[in-house]
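Report on one structure; see the data block that follows.
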Amino acid sequence: MASNMFSIECPHCGRSAVKDDYYKTDERYILCLKCGYNYTRTIKSSTANSLEYTEEEYVGYGVFILVHRDGSSKSMMLNDALTAEKLEEYKRTYMDDHVDQEKSYLVSYENGIFTILLGNPPENFHLPFKEFREKMIAKYGELEYDFMVPLG
Ligand SMILES: [Zn+2]
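In case it helps, numbering that gives the first Met the number 0 puts the sequence shown at residues 0 to 151.
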C-alpha cells in the first residue's frame, strides 16, 4: 500500500517520532521511539458511501529497545507507568546472553522527564525535534517538502 514515512515532532515529548501516512486510505500511524507515544487511525468499516475509522492513542511511558547479538532487534513501547516488578523483569531480559547491552536501552518517560534506566540511547535519541530536523537537513540536504523530514 502507498504510504509516506517521515519524522514529525512527537505530540507527547517533542522529540522526533515516525509518522506513516497512507494517503490513499487516510490511515495513519505515529510511533515515538523516545517516549513510547503511539497512535493509530485505521479503517474500521467501509461502504460505498462512507468510511469509518478507529483511533487508538497511548501517551507512552518510555521505551525498551532490545538489540540481540545476531542483529535482530525489538522495540517495546511502555503503555503504562513502569512498576518495580516490570523493571526487574526488563533488567533480567537486558542481562540475557543473547542481548547486546551496548546497543540496548530502557528509558522511562514520566511527567515530562526522561530517565535512562539501562544502557545508553544513541545520540539522536536526545535531540529535540528542531535539532533533529537540522541534523537531517545537514545530512541529506534541503527538504523537498517542508513536512517530510527523513527518519534518520
Ligand atoms: Zn515522544
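Glycine included, each C-beta is placed from N, C-alpha and C at the ideal position.
Nearest to Val62 by C-alpha distance, out of Ala80, Lys138, Pro127, Arg27, is Ala80.
Burial is judged here by how many other beta carbons sit within 10 angstroms of a residue's own beta carbon; Phe131 has at least 16 and is buried. In this model, Glu87 and Met94 are separated by some 11 Å (Cα to Cα). Among the bridge pairs identified by DSSP, Ser44 is matched with Glu51.
For Phe131, there is no enclosing beta strand (DSSP E); the residue is part of the alpha helix (DSSP H) that begins and ends at 128–139. Contact between the stretch 108–121 and the stretch 17–37 is present: 3 or more CB-CB pairs across the two stretches fall below 8 Å. Below 8 Å, too few C-beta pairs join the stretch 134–141 and the stretch 44–56 to call them touching: fewer than three. Following the DSSP letters along the chain, one finds Glu122 in no alpha helix (DSSP H), marked with neither H nor E. Remark: the C-beta of Tyr36 is in contact range of ligand 1, defined as less than 7 Å to any heavy atom.
In the DSSP annotation of this structure, the continuous segment of the alpha helix (DSSP H) that includes Ala83 starts and ends at 83–93.
Annotation for Met135: Val148, Pro149 place their beta carbon closer than 6 Å to its own, counting only its chain and skipping 5 residues before and after.
Nearest to Met75 by alpha-carbon distance, out of Tyr104, Arg91, Asp25, Cys9, is Tyr104.
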